[in-house]
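Below: the structure, in structure tokens.
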Amino acid sequence: MNFELFFYLLVFPGFLFTAILGLTVGWVDRKVSARFQYRVGPPFLQNFNDFFKLLGKETIVVKDSVKSMFVIAPFVSFAMLALVSTIIGTSLFFNISFGGDLIVIMYLLMIFSVMVVIGGSSTGNVYSSIGFGREIKLLLADELAFILVLLVPIIKSGYQINLENILTAQVNGMFINSASGIIAFIIGLLCIQAKMTLPPFQIPEAETEIVEGPFMEYSGPLLAFWKLNHFMMYVIFPFLLVLLFWGGFSFNGIDILWSVLKYLLIVVLMIIIKNTNPRVRIDTALSFFWKYATPLTLIAIVLAVFGY
Amino acid sequence: MDKNVIPVGPYHPLLEEAEYFTLQVDGETVVDIDLEIGWMHRGHEFMSESKTFTQSLYLVERICGICSTSHPIAAVHAMEDVDNIEIPLRARYIRTLVGELERIHSHLLWLGLAGHFIGYDTLWMWAWKYREPVLQMFEIISGNRNHYGMMRIGGVARDVDPSKISKLMDIMDEIEKKIEMIAKAANDDPVLKSRLKGVGVLTKKDAIDFCAVGPTARASGVPIDVRKDEPRDAYDLVDFNIIVTENGDVFDKTVVRLLEIFESIKICKQCLEKLKTVNGGIRNNVKEISAGEGIGRYEAPRGEVFHYVRTDGTNRPVRHKVRAPSYVNIPTFKASCKGIPLADALITLAAVDPCYCCTERSIKIIDKNNESRKIDLLKLSREKTEQIRREMK
């Protein structure tokens, strides 16, 4: 075990970097949403304050809940996300990756949803149980489309499942410049919206229907970690899209600005989609992903195979 | 078949007020719905009987914070009905102006809330932003943004300053433009349409059977509107249409309310135009009200509000009965919420624009065996709390 590995995992680009950037971008999200809605929005440090305040609050564990599951779910999913961010980050910033790491990312991201299901189901609350049922349905809806989206850069890079090789394949031309790339990018953006349970796919958490669903019984530090998980995804998913379709980041001179703009553009696109759509029903979401998104991605794959 | 019960209430983000619905669901489909009212102790009718007529107008204004001029209008109608008191022409226009402004602000408020309930917070904030000029108009007219205190027996309390009318007209034009924009945006949004079309249908037959009133009934094709059916104030002097649609779903309820805003703007503009030329007093001096009975009806934003007053020649009502529109609209959930997904049922609950504090009544319980013995509500409440506490241990 060497020191470098711990540095990657715990400081940069793993846990600490992702958490701080995530909370900051979470502020961007709240601020831009607020400006959309003619509000002022929270101050810069609001997300940090919220997080640390929640850490100091009492944790109430429901009497009838499965306590081990209830407590373990936010931390396991947090560990998963830290790991994913490390894998994506090291290949983006240090060109370090290992064979088949894209598949590992797929698995780890799915485990996050499974943890939401486990955490929600452990309480026995009626709203939570509806919420985790919806989470499963949403996972069924978006997972196939998401995996197919990830297949497009694999095909375009000459069947490489290694993140670093996908990056090097984009040196001569970013995948988003091709027909298949742009289709996959757009569908990927919508899948991310579903994976992050943002509107229009905020179905499992629907505040005015089932009162935050799976997270309803969480309080104190456990809730703080769920919130942190949510904000960390604001880093992970845009980074993944940049890596797979937009040629990664570059840090030579003016390119730094271009890299930051790429990332912010994806985040702002997510915020725009979030703020201009109502929450759809779960059956609408299912039919959207199965009837439209998945066939479209299949078309993109066929295009990618033929080199478009 | 397993059936779960989803409690919506007594405290739930969907409801701004305390109300309790139990939804029996099979999976995510609502099989049956049950409603329990009585979570707020009001006692307005009883309090009104201990106040003078003018004081009780201020009291009924506080039955509801949103339709806070519909109740006073219905109450003055009832009190004037006892002696057939006529009011000056200028006062009639002012009453109609205030009533219609309230309809605009109430419908915009509902539109915003409906947006929030389906997770569309941008629509919520925009609708409420454009509601703000209406409140400014209220401030110019009555001095208050809410609870205007404009109604008096025999007229209105304050005159509309003629020098302010052009400014009010300007604000009205501005509101109309903004609402046209928001109505177009809401109408053209395909996601919104797919979310609300065909959801929570209340058929015409059900609307009639449940005696639904207001936009709830009009969206189901029942052309019922007190403003046309029994016009008082200036409603027979101004030109407007009642909006009726046929489908009875949540989308139609939205459309009816949005189009009604435009009709209200039309009425307000006509009233303001007339107020420039119509002169005269704003209030007939009413010294006393003789013994008798009076009925007052007014089309509140949510439907017909009904006040009944019985007097005995003194300066206070002997009986003051209030029936708010939500009282008949809330039971329509029994017809419109069955057999639809949970997500649809919850927006249907909000779509009749229920106002629970209007509906709630304080209950007086009398012992069946010994009719003279009244059971104290406070005591009952304490006993129940004790019982719950014992069960929790």
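Protein sequences appear in the order of chains A and B.
So the number in this note's numbering is just where the residue sits in the first sequence, counting from 1, plus 911.
So the number in this note's numbering is just where the residue sits in the second sequence, counting from 1, plus 10.
Note that the Cβ used here is the ideal one computed from N, Cα and C, for glycine as well.
The structure presented is a predicted model; accordingly, all values stated were derived computationally and were not measured.
Original post:
Comparing the C-beta of B/M191 with each C-beta of chain A, is any distance below 9 Å?
Top reply: no
**OP:** Alpha carbon to alpha carbon, how far is B/S78 from B/I154? Give it in angstroms, no decimals.
**Re:** Rather than Ile, the amino acid found at residue 154 of chain B in this sequence is Asn. Their Cα atoms are separated by approximately 12 Å.
Original post:
How would you label B/S274, buried or exposed, when you count the other beta carbons within 10 angstroms and need 16 or more for buried?
Top reply: buried
Subject >> Listed by chain order, chain E residues near B/N325 by CB distance under 9 Å >> reply: Protein chains A and B are contained in the structure displayed, whereas chain E is not.
**OP:** Under 8 Å Cβ to Cβ from A/F1142, same chain only, skipping five residues before and after it: list those, please.
**Re:** A930, G933, L934, V936, G937 and N958
Original post:
Is there a Cβ from chain B that is less than 9 Å from the Cβ of A/V1037?
Top reply: yes
Subject >> Contact set for A/L1154: own chain, Cβ-Cβ below 8 Å, skip 5 residues either direction >> reply: I999, S1002, L1003, L1074, I1077 and L1078
**OP:** Return yes when the Cβ of A/V1028 is within less than 9 Å of the Cβ of A/E1046, no when it is not.
**Re:** yes
Original post:
Of all the alpha helix (DSSP H) runs that stay within the bounds of the stretch 73-138 of chain B, which reach a length of 4 or more residues?
Top reply: 80-93 and 99-127
Original post:
Listing by chain order, which chain A residues have their CB less than 8 Å from the CB of B/H126?
Top reply: T1119
**OP:** Could you tell me how far apart the beta carbons of B/G224 and B/V92 are, in whole angstroms, since I believe they sit closer than 8 Å?
**Re:** Incorrect: roughly 26 Å between the Cβ atoms, too far for contact.
**OP:** Can you grab the Cα-Cα spacing for the pair B/L247 / B/G165, in whole Å?
**Re:** 17 Å
Subject >> Neighbourhood of A/A984 by C-beta, 6 Å cutoff - its chain only, sequence neighbours within 5 removed >> reply: M1026, I1029 and G1030
Original post:
Taking all protein chains shown into account, do 16 or more other C-beta atoms lie within 10 angstroms of the C-beta of B/E96, making it buried, or fewer, making it exposed?
Top reply: exposed
Original post:
Between B/E240 and the rest of its own chain, which residues show a CB-CB distance below 8 Å, the 5 nearest in sequence each way excluded?
Top reply: R307
Subject >> Runs of beta strand (DSSP E) wholly within the stretch 1043-1071 of chain A (minimum 3 residues, chain order) >> reply: none
Original post:
Could you give the residue range of the alpha helix (DSSP H) that holds B/G224?
Top reply: G224 to A229
Subject >> Of the residues B/M50, B/A310 and B/A193, the one placed nearest B/S391, counting alpha carbons only >> reply: B/M50
Original post:
Is it right to say A/E915 is buried, meaning 16 or more other beta carbons lie within 10 angstroms of its own, or is it exposed?
Top reply: exposed
**OP:** Flag this pair as touching only if the stretch 940-949 of chain A and the stretch 1182-1189 of chain A have three or more C-beta atom pairs under 8 Å; answer yes or no.
**Re:** yes
Original post:
When the Cα of A/G1158 is compared with those of A/S1089, A/F1112, A/W1137 and A/C1102, which residue comes out closest?
Top reply: A/S1089
Original post:
How is the beta strand (DSSP E) around B/E46 delimited, first residue to last?
Top reply: T39 to E46
Original post:
Out of curiosity, what's the CA-to-CA distance linking B/V201 and B/G19?
Top reply: 28 Å
**OP:** With DSSP as the reference, please indicate the residues paired to B/P351 in a beta bridge.
**Re:** B/T39
Original post:
Which of the three DSSP states, helix, strand or coil, is assigned to B/L24?
Top reply: coil
Subject >> Test: B/R400 CB closer than 9 Å to a CB of chain A >> reply: no
Original post:
Start and end of the beta strand (DSSP E) containing B/A310?
Top reply: G302 to A310
Original post:
Any C-beta of chain A sitting closer than 9 Å to the C-beta of B/P143?
Top reply: no
**OP:** Measure the CB-CB distance between B/H317 and B/H54 and report whether it falls below 9 Å.
**Re:** no
**OP:** Could you name the residues of the stretch 929-957 of chain A whose beta carbon sits closer than 8 Å to any beta carbon of chain B, in the order they occur along the chain?
**Re:** S944, F947, Q948, Y949 and R950
Subject >> Rounded Cβ spacing between B/P341 and B/A310 (contact assumed at less than 8 Å) >> reply: That belief does not hold up - the Cβ atoms of B/P341 and B/A310 are roughly 18 Å apart, past 8 Å.
Subject >> Cβ neighbour criterion (16 or more within 10 Å) applied to B/M11 >> reply: Its pLDDT being 44, under 50, B/M11 is placed unreliably in this model, and the value from its coordinates should be taken loosely. B/M11 comes out exposed.
Subject >> Meets three-Cβ-pair contact criterion under 8 Å: the stretch 225-232 of chain B and the stretch 259-267 of chain B >> reply: yes
Subject >> Beta-carbon separation (whole angstroms), B/F56 vs B/L356, contact threshold 8 Å >> reply: Not confirmed; about 34 Å, so no contact.
Subject >> Run of the beta strand (DSSP E) containing A/P953, from where it starts to where it stops >> reply: Counting along the chain, A/P953 falls outside any beta strand (DSSP E), and DSSP gives it neither H nor E.
Original post:
What residues are listed by DSSP as bridge partners for B/K331?
Top reply: B/Y318
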